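Chemist: Take this structure first; my questions come after.
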C-alpha cells in the first residue's frame, strides 16, 4: 500500500515567538545606560573633587641672608619676604641680586631660587588619591629636589612651566631648571619629560646625567633631541648647586629634629579644641596673626574665621595665618572644631589688639641734611638718603620711588625743572618711609632754593625769626649812602600785589655792602661785595601771610653801619 503526503491547504496558526531576544535587548540597553551614567558621574565627581578630596596646601618659605626677596600675596602689592612665611597657590616670589630663597612643599619637594629669579606657585594641592604641584618659572633658575615614591603616599604630578619649556618632574630627582635649559643630576625611572611650549615638536625624555640647552632663536629649534647632551662634570661643582644641597640638608635635619621631638612626646587629651596662640587680649604689631592649637580625635575640621585651618593628623595640631584688617583696633578671632557632618563640636574666641607701629623716618644725606635749606642755581639736583631697616618703600611728597631697593637701604630722588618737580624759589621735599603694611613714617624735610646766590647749605630756613646776630646791638645811624638800595622785582619800586604763594623779592645795592637784612633777618646767601640780593616771600616758609606784608630792608657795611634802608609792601591775595 502506497502512502502519499498530504498537504494542508488553507490558514493555520503559527507557533508563538520566544520572549528571550526581547529581554536580552532591554538588558543590554540598561547595562549600556548604567555604564555611561557611571562614566559621566565619575567624571563630574572628579571635576568637583568628590572621590579625591583636595586640600590647598601652604608652602614654607626660607629667606637666606639679607638679600632682596619679595613676595606678591593674593590681591596685595609687593612686600618684603619674611623667613617662615607661608605661600599659597597663585602667590609669587622674586629674588634680587645676591639673594636666594627656599620653598618646602607638603610632599617634601624642596625648591631653591637662584638670584634674579621670578617664580609663582601655580597649584599646591594634596588629594586623598592624587596630588598636584605646579610651578610657573618666569625668569631665572631654580634648583629642585623631589622625594622618592616611597616617601610620599599616593600619586602626585609635579610640573614646572616656563615661557619656553614644560617640565614633568620625576620622583627622587635633583635638577637645575630655567626657561630654556635644564640639567638633571639624578632621577627615578626614565627621567624628566620635556616639551617645547606652543610647538608640535615631539617631547623628549631628559634622563639622569643629561642636560638640554636651547638657542635663543626658536626658529633654530627643529628637534629637541638635537639639543640634548651628556652632563658636564664641572656643573656638579657649581656654587649654586652645592649651596642648595647644603640648604636642603639643613631643612631635612631640622624637620627630623621636630619629628623626633614629636614622637618622644605624648599627645595630650585636649577634648575637642585647645587654642594655644594667640592668647586672649594679645597685642600684635604686624598685619597677620598666627592661630594654632590642638584638637581631639572626634574632630574632622578646624575653622578659623570660616577659613579651613591646616591640620597635622599625626600630632592633632592645627595652624592658620590670619590677615588682620588695616589700622589699629580690637579684632575677634573665632575658632571652631567640626565633626564629619560639619556640626560644631566646640567653638572659642580670642580677642587681639593691633597696634600700628610706624616705621622710623628716613634720613637725608645729600645735598644737605634733613631740616636744612640748600641754595642752588642748578636746574637738576639729586636728593639722597638712607632708609630705615623695615622700609618697603620711600615716598617723596606724593610720589613713591619706583627704583628703591629695600635690600640696599638707600634711596635717591631727582629734582629737576624739566620734570616739573622743582621750580624757581623754595622747593620743599617731604620724605617718608613706608613699611610692608603701608604704614607711613614721620617726614624728613629738605628745602631746595633755586635761584641766584652761593651754592651751598643755608644754616637755617628763612623765616621771621631773627638770626643769631642781634640787630639791637648794631648801629642805628642815618643812611650814609641813601638811594643805593632798590627793589627790582617782582614789581620795581616799593609795592607789589601777589596772588601766588611764593616768589623772590630781588634788588640791587652797592659793592660796599657787607650784609642785607629783611625784617631783622640777615640774608644767609648774600655774599659781601655783591651788588644784587634776593629774599623768598613764601606762605609755606611763614615769610608771607594773607593781606598786607611790610618788608623792612636794610643794607650795612663791614662796620655794621646802615648804608641805606627802605620798605617794600606786598599785598597777598590767595
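In my numbering, the protein residues as written are 48 to 621.
We put the beta carbon where it would ideally sit given N, CA and C, even for glycine.
In this text, all values refer to a predicted model and were calculated from it rather than measured experimentally.
1. What residues in its chain sit with their C-beta under 6 angstroms from that of residue 208, if we drop five residues either side in the sequence?
2. Could you check which residue in 278, 565, 245 and 126 has the C-alpha nearest to that of residue 233?
3. Just to check my reading of the structure: residue 532 and residue 608 have Cβ atoms closer than 8 angstroms, yes? What is that Cβ distance to the nearest angstrom?
4. Flag this pair as yes or no: are the beta carbons of residue 620 and residue 599 separated by less than 8 angstroms?
5. Give a yes or no on contact between the stretch 406–417 and the stretch 431–448, applying the rule of three or more CB pairs nearer than 8 angstroms.
6. Using three-state DSSP, classify residue 272 as helix, strand or coil.
7. If you follow the beta strand (DSSP E) that residue 533 is part of, which residue opens it and which one closes it?
8. Since residue 350 sits in a beta bridge, which residues does DSSP pair it with?
9. By the three-class DSSP mapping on this structure, what secondary structure does residue 293 have?
10. If residue 109 and residue 130 are in contact, beta carbons under 8 angstroms, what's the gap, nearest whole angstrom?
11. If you reduce the DSSP assignment to three classes, tell me which class residue 196 lands in.
12. Comparing alpha-carbon positions, which option in 446, 441 and 467 lies nearest residue 455?
13. Which residue wins for smallest C-alpha separation from residue 368, given the options 361, 360, 375 and 380?
14. If contacts are defined as beta-carbon pairs under 8 angstroms, then residue 349 and residue 382 qualify, I think. What distance do you get, rounded to the angstrom?
15. Who does residue 228 pair with in a DSSP beta bridge?
16. Mind reading off the beta-carbon distance from residue 358 to residue 341? Whole number of angstroms is fine, and I expect it under 8 angstroms.
17. Of the residues 343, 370, 373 and 355, which one's Cα is nearest the Cα of residue 361?
18. Which partner residues does residue 623 have in the DSSP bridge list?
19. Keeping to the same chain, check which residues put their C-beta closer than 7 angstroms to that of residue 578; ignore five residues upstream and five downstream.
20. What are the boundary residues of the beta strand (DSSP E) that includes residue 440?
21. Taking the alpha carbon of residue 473 as the point to measure from, which residue in 159, 486 and 585 has its own alpha carbon closest?
22. Indicate the three-state DSSP secondary structure (helix, strand or coil) for residue 434 in the structure shown.
23. Between residue 377 and residue 537, what straight-line distance do the alpha-carbon atoms span, to the nearest angstrom?
24. How is residue 267 classed by DSSP in three states: helix, strand or coil?
25. If I measure Cβ to Cβ from residue 177 and keep anything under 8 angstroms in the same chain, skipping five residues before and after, which residues do I get?
26. What's the gap between the Cα of residue 618 and the Cα of residue 375?
27. Take the Cβ of residue 391 as the centre, count every other Cβ of all protein chains shown within 10 Å, and call the residue buried at 16 or more, exposed below.
28. Using the C-alpha atoms, what's the distance from residue 105 back to residue 133?
29. Under a three-way DSSP split, which group does residue 312 fall into?
30. How should residue 603 be labelled, buried or exposed, when 16 other C-beta atoms within 10 angstroms of its C-beta is the threshold for buried?
31. Please specify which runs of the alpha helix (DSSP H), each continuous and at least 4 residues long, are wholly inside the stretch 384–409, giving them in chain order.
32. Taking the alpha-carbon positions, what's the residue 526 to residue 601 distance?
33. Going by DSSP in three states, residue 281 sits in which element: helix, strand or coil?
34. Measuring alpha carbon to alpha carbon, tell me which of 319, 494, 426 and 470 ends up nearest residue 418.
35. Run through the DSSP bridge pairs and tell me what residue 126 is partnered with.
36. Determine the contact status of residue 335 and residue 370, defining contact as a CB-CB distance below 8 angstroms.
Modeler: So, to answer that:
1. So the list reads 183, once near-sequence residues are dropped.
2. 278
3. Not really, about 14 angstroms apart at Cβ, beyond 8 angstroms.
4. no
5. Output reads yes: the stretch 431–448 touches the stretch 406–417.
6. helix
7. 533–536
8. 355 and 383
9. helix
10. Indeed they touch by this definition, with Cβ atoms about 6 angstroms apart.
11. helix
12. 441
13. 380
14. 7 angstroms
15. DSSP lists 260 as the bridge partner or partners of residue 228.
16. Contact doesn't hold; Cβ gap of about 10 angstroms is too wide.
17. 343
18. Outside the shown range of the chain, which is 48 to 621, sits residue 623, and nothing can be said about it.
19. 555, 556, 557 and 558
20. 440–443
21. 585
22. coil
23. 57 angstroms
24. The answer is helix: DSSP assigns residue 267 an H, G or I state.
25. 99, 201, 202, 203 and 204
26. When rounded, the distance between both Cα atoms is 46 angstroms.
27. Under this definition residue 391 is an exposed residue.
28. 6 angstroms
29. Confidence is the limiting factor: at residue 312 the pLDDT is only 45, short of 50, which leaves the residue's position unreliable, though a coordinate-based value still follows. DSSP places residue 312 in the coil class of the three-state scheme, outside both helix and strand.
30. buried
31. none
32. 9 angstroms
33. Note: residue 281 maps to helix in three-state DSSP.
34. 494
35. Per DSSP, the beta-bridge partners of residue 126 are 118.
36. yes
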